[in-house]
Amino acid sequence: MANPKRKQSKRRSRLRRGANRFEAPELAKDPIDGSAFRPHRVNPNNGMYRGRQILDASI
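If you read the sequence shown in the working numbering, its first letter stands for residue -16, the second for the next number, and so on.
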């Protein structure tokens, strides 16, 4: 089996691992007002989650 000639630096390893982390988040569309929000989370615009009012939207 092939062996590396030199130890890979922490920076190089972390750069390689972090290269795939810069992706735009997926957004869901609210059926009530059409705003975009992160799925499986409370909509910050109106405070709704799965058809129920969770947060006070007057903030």
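Virtual Cβ for every residue (Gly too), placed ideally from N, Cα, C.
What does the Cβ neighbour count give for residue i, buried or exposed, with the cut at 16 atoms within 10 Å?
| i | result |
| --- | --- |
| Met(-16) | exposed |
| Asn(-14) | exposed |
| Asn3 | exposed |
Would you kindly report the start and end of the unbroken alpha helix (DSSP H) that includes residue i?
| i | result |
| --- | --- |
| Arg0 | Lys(-7) to Gly1 |
For residue i, which residues does DSSP report across the bridge?
| i | result |
| --- | --- |
| Lys12 | Ala19 |
| Arg35 | Tyr32 |
Would DSSP call residue i helix, strand or coil?
| i | result |
| --- | --- |
| Met(-16) | coil |
Verify the CB distance criterion: does residue i have a CB-CB separation below 8 Å to chain D?
| i | result |
| --- | --- |
| Ala7 | No chain D appears in the structure shown, which is made up of a single protein chain. |
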